[in-house]
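Presented below is the structure to which this report refers.
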RNA sequence: GCGCCCAUAGCUCAAUUGGAUAGAGCGUUUGACUACGAAUCAAAAGGUUAGAGGUUCAACUCCUCUUGGGCGCACCA
């Protein structure tokens, strides 16, 4: 939490500086890690921003601010100097780093955890229709949603992970019909499966099961039976991918379940729109006036034949989420749904909620490669690559790590051969190798009697080389990475962070031998190694990737 | 036709949302195992950030236009 501490203290310095100049507003300055070649721990642009407001020369402001910093922040700051156009470069005291190291070692898996933040957040993801197995696109959504939930939990939010199951509507009829036709075909009837029906072989599997049960066709509810089987495979696939949901929300509960007055939640939200003048009847259908709130055209809620549209359910579903007390909703959608964003945001506003409390993360497509060559996929014929196939081939850990490697809005290339490689080409192994190396040092240290265990008796000031300092600094940015992930709404910050950490560790490893003849130095360095283990564990855990002691 | 997203090293991608000389990995070239795991490290080469304007002390980042790609525009879900 080094950066957070400095920001807080600097902020109060800046505020009182501004008050002295009779400016009563706060300033959003930045505290950053300066570029590689600049010898400093942190840099701030505060002076330049003040200069703009006060019309004073930035370097003059910087000098005045530096005096204040040296005066009031001497417990943290060792040295401060002006650089460039008016940056202030800060060198922090080593004692600050050692304190951070102790926090990591004592708080362990709780390091960086924020308490007393009980804001209820819902992360809704995957939500694939129960009409077929999950494919790799769903896998990316699953990995991002699950990991983001873990990160938000670490930041203290009260997170609920939910899967919205569309078990109502047209597609269910098509599904039921598809299974029935396969069933009849297996019984020897000469019928074709029409275009637009589900072609996948899993449908035939369901039909085969039904045949083996030897029931009368009149007694079979093809929809229920199909959904049952498909849902079972979806749940299994997610379990193998270490993704667990807190709640499975059935569309039925808002679209079919009726209250005392015989109304569903969908009925009620449509009625609400009508009462507010946000819906109207045209051509015998019920239309939502979504253009009022930024949508490009009005949308149908209830068809002229009396059936509701998907949108009507979805609106009622979002209303239901807010009514359950969630103050912030996060939805993960495939990028092909982007056209839907303006529509649902408009609906949120019409329901009287703040559209900024609905956060929609769109993730781009995954393209699968094998040795650099694209693996062909076609949803039309049902020959798409399933999540299960990929997980079975490369393993859950590599799969999750790869899905989380890039920010959601960049398309992902996933090379199956690289994900399976056990070499530096594969970032998963690069990171796990750090843990393996650390573990072996710890194991080796057990053979020595001169190692000091008690952190209070260890002289941490022996950790004073550049490599050690850089490594500790990298460890301490774990917290910054948490906040960054939240701000960017993306777990990819952690894959990048862990790769950087691995890099710093390997450099340290080459330059600084841990177990030496000097027992004081060995003990101090061993503590550093132990804190690397803690952070690697915490980081991989946020990604849902398991840790290997040996490889 | 309208709208959304994207374009960064040979390849795949970062860049702490406006900060200093744009960074990693792979690939290429060179070097390092006689103590903790070489699945590693050190170093070199590689860039007009698609192009043109603009805003700013400061632009990969914000605005406008152009070019090239992906996706979406149902009384489907």
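Numbering (the numbering used here), first residue to last: 121 to 671.
Glycine included, every Cβ here is placed at the ideal spot set by N, Cα and C.
Counting other Cβ atoms within 10 Å of its Cβ, residue 226 stays below 16 and is therefore classed as exposed. If you draw a 10 Å sphere on the C-beta of residue 242, you find 16 or more other C-beta atoms in it, and that means buried. In the structure shown, residue 494 adopts extended strand secondary structure according to DSSP, grouped into three states.
Rounded to the nearest angstrom, the Cβ distance from residue 520 to residue 612 is 12 Å, too far for a contact under 8 Å. Residue pairing for residue 481: DSSP places it in a beta bridge opposite 452. A distance below 6 Å between beta-carbons, with the five flanking residues on each side excluded, links residue 465 to the following residues of its chain, in chain order: 475. About 7 Å separates the beta carbons of residue 350 and residue 252, which is inside the 8 Å limit, making them a contact pair. Spanning the alpha carbons of residue 524 and residue 539 requires a straight line of approximately 13 Å. Bounds of the beta strand (DSSP E) holding residue 402 are 399-402. Contact between the stretch 575-584 and the stretch 228-240 is absent: fewer than 3 CB-CB pairs across the two stretches fall below 8 Å. With respect to residue 507, residue 478 sits apart: the two C-beta atoms are not nearer than 9 Å. With respect to the 9 Å criterion, residue 536 and residue 514 are classified as neighbours on the basis of their beta carbons. When secondary structure is reduced to three states using DSSP, residue 236 falls in the coil class, being assigned neither helix nor strand. Counting only residues of its own chain and dropping the five nearest sequence neighbours on each side, residue 353 has a CB closer than 7 Å to the CB of 253. Using a 10 angstroms sphere on the CB of residue 567, the tally of other CB atoms stays under 16, which defines it as exposed. The beta carbon of residue 300 sits closer than 7 Å to those of 342, all from its chain and outside the five residues before and after it, given in chain order.
Spatial neighbours of residue 372 in its own chain (CB-CB distance under 7 Å, excluding positions within 5 residues in sequence) are listed in chain order as 287 and 288. When beta bridges are read from the DSSP output, residue 419 appears opposite 408. When the Cα atoms are used, residue 470 and residue 366 turn out to be separated by approximately 29 Å. Note that the stretch 252-269 does not touch the stretch 208-225; fewer than 3 beta-carbon pairs, one per stretch, sit closer than 8 Å.
A contact between stretches requires three or more CB pairs, one per stretch, nearer than 8 Å, and the stretch 133-152 meets this requirement with the stretch 161-176.
Residue 551: member of the alpha helix (DSSP H) spanning 547-565, first to last residue.
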